[in-house]
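Numbering follows numbering that gives the first Met the number 0, with no gaps: position 180 of the sequence shown is 179.
Using N, Cα and C, we set each Cβ at its ideal position, and we do this for glycine too.
Taking it in order: structure first as structure tokens, then the write-up.
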Amino acid sequence: MVASYSGHYDCARELIMQGTDINLQRETGSTALFFASQQGHNEVVKLLFEFGGSTEFQTKDGGTALSAACQYGHSKVVDTLLKNGANVHDQLHDGATPLFLASQEGHVTVIRQLLSSGAKVNHPREVRPHSHTIIEDLNRGTDIFISCLSLFLLVFYLHLTFLPFSFSSPPSLPYPRLQDGTAPLWMAAQMGHSEVVKVLLLRGADRDADRKDGSTALFKAAFKGHNTVIEELLKFSPSLGLLKNGSTALHAAVMGGNHKSVNLLLGANADPTLPNKNNELPADLTKSNRILRALRPQILNGSS
């Protein structure tokens with residue numbers, strides 16, 4: 000594994016020839032193939048496949064060699080893995096697919112490879128509860144409903160396990176996958192990867208797909224002030240009206256404080272007189288004179 004991680008081809012080959020178990024897993028579930036893929040050592044990856052390396056093994060958090068290569072943008076490794084049967088639909092236990100990870104990190108070439116291999120452009124993240132990831136999910140800010148339900152399922156499972164009678168075999172509790180709605184497009188928009196957003200939209204990404212919290216890619220990009228992302232999204236006529244969260248992209252842009260974001264949305268005919276669920280206009284959410292001039296110039300000019 001150390002040789003594979005470090006990219007020492009000759010050393011890895013010698014160890015294989017001496018009978019090393021090529022698919023041996025560490026406590027974390029990582030294999031030599033996982034490490035070589037994570038580090039981008041394509042020749043070592045090819046070597047491992049030559050001697051029976053498998054793409055099927057997962058780490059304790061559900062990671063695969065493909066997910067690791069996609070996260071780090073190693074396109075040559077991704078190509079090798081896909082040619083050797085890697086599954087583009089595998090998910091981490093937090094629901095992230097290889098496409099989701101590549102979109103999050105901005106790896107356009109990898110994204111094109113995955114889409115050409117059948118990755119689903121609109122597939123939302125689906126969180127599968129696992130005991131060792133629940134607290135980690137909470138720390139990362141995973142939707143509180145999902146984390147609490149995960150905790151409930153864990154407690155229920157433990158309750159079954161310690162009931163005062165025995166089972167002929169351990170009880171099987173099917174963990175449901177719970178959609179939090181975060182699609183690759185939403186994640187790319189949040190991170191400001193405009194080229195990724197462009198590619199995903201051209202490949203059929205739903206411009207108005209929202210998360211459980213009701214926010215869309217445009218809403219998030221507006222709040223973050225990712226103007227090149229906003230420009231790409233506006234080319235596909237996303238919703239500028241009230242979203243399921245009771246707010247608009249214009250409200251988000253105003254709260255984010257980026258005057259260019261505000262102007263982009265106004266230029267696309269976002270309505271500054273549309274209140275949110277709290278009956279607040281976008282102008283009610285800022286003290287910036289620059290933004291207020293854009294939202295209600297007639298007031299600041301004394302013409303009303």
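Cβ separation of residue i and residue j, assumed to be a contact under 8 Å, to the nearest whole Å
{"i": "S102", "j": "I110", "result": "6 Å"}
{"i": "K197", "j": "E231", "result": "5 Å"}
{"i": "L217", "j": "I229", "result": "7 Å"}
{"i": "G256", "j": "K223", "result": "Their Cβ separation, rounded to whole angstroms, is 11 Å, which puts G256 and K223 out of contact at 8 Å."}
Beta-carbon gap between residue i and residue j smaller than 8 Å
{"i": "G62", "j": "V120", "result": "no"}
{"i": "M186", "j": "G105", "result": "no"}
{"i": "V43", "j": "A11", "result": "yes"}
{"i": "P123", "j": "A182", "result": "yes"}
{"i": "L242", "j": "T272", "result": "no"}
{"i": "S36", "j": "A2", "result": "no"}
{"i": "N262", "j": "A293", "result": "yes"}
{"i": "A188", "j": "K219", "result": "yes"}
Neighbourhood of residue i by C-beta, 8 Å cutoff - its chain only, sequence neighbours within 5 removed
{"i": "N112", "result": "Per the sequence shown, residue 112 should be read as Gln rather than Asn. Contacts found: S74, V77, D78, L81."}
{"i": "P163", "result": "Any reading at P163 must be qualified, since the residue scores a pLDDT of 41, below 50, and its modelled position is unreliable; no value is offered."}
{"i": "Q24", "result": "T30, F56"}
{"i": "L200", "result": "L184, R206, E231, L232, K234, F235"}
{"i": "A208", "result": "N121, P123, G180, A182, L184, W185, T215, A216"}
{"i": "S193", "result": "H225, T227, V228, E230, E231"}
{"i": "K259", "result": "G224, N226"}
{"i": "P237", "result": "R206, D207, T215, A216, L217, A248"}
Cβ neighbours of residue i in the same chain (closer than 6 Å, five flanking residues each side left out)
{"i": "L32", "result": "L47, G52, A64"}
{"i": "P173", "result": "Legend: pLDDT at P173 = 46, less than 50; position of this residue unreliable, value from coordinates given subsequently. Excluding sequence neighbours, P173 sits near nothing in its chain."}
{"i": "H40", "result": "G6"}
{"i": "K276", "result": "G245"}
{"i": "N22", "result": "T30, S53"}
{"i": "Y8", "result": "E42, V43"}
{"i": "G94", "result": "R124, E125, V126"}
Option nearest residue i by Cα separation, candidates the options
{"i": "L264", "options": "A221, L201, Y4", "result": "A221"}
{"i": "L249", "options": "L280, L199, K276", "result": "L280"}
{"i": "N288", "options": "A269, V253, K276, N278", "result": "V253"}
{"i": "T58", "options": "Y8, G72, F34", "result": "F34"}
{"i": "E49", "options": "P274, M16, A67, V195", "result": "M16"}
{"i": "C69", "options": "N83, F99, A251", "result": "F99"}
{"i": "N278", "options": "G255, N257, T247, I290", "result": "T247"}
{"i": "T108", "options": "G94, E125, Y71, A95", "result": "Y71"}
{"i": "P274", "options": "Y8, V195, A251, K259", "result": "A251"}
{"i": "V87", "options": "K259, G94, A118", "result": "A118"}
Contact test: residue i Cβ vs the ligand ZN heavy atom, cutoff 7 Å
{"i": "E13", "result": "The model on display carries no ligand, and the ligand ZN is accordingly not part of it."}
Residues bridged to residue i (per DSSP)
{"i": "D209", "result": "T215"}
Cβ shell of residue i (< 7 Å), same chain only, five flanking positions each side left out
{"i": "Q38", "result": "Y4, G6"}
{"i": "A282", "result": "P271, L291, L294, R295"}
{"i": "G28", "result": "F56, Q57, T58, K59"}
{"i": "E13", "result": "none"}
{"i": "V195", "result": "S102, G105, V107, I110, A187"}
{"i": "L284", "result": "H250, V253, M254"}
{"i": "Q90", "result": "G61, T96, E125"}
{"i": "N83", "result": "F48, T54"}
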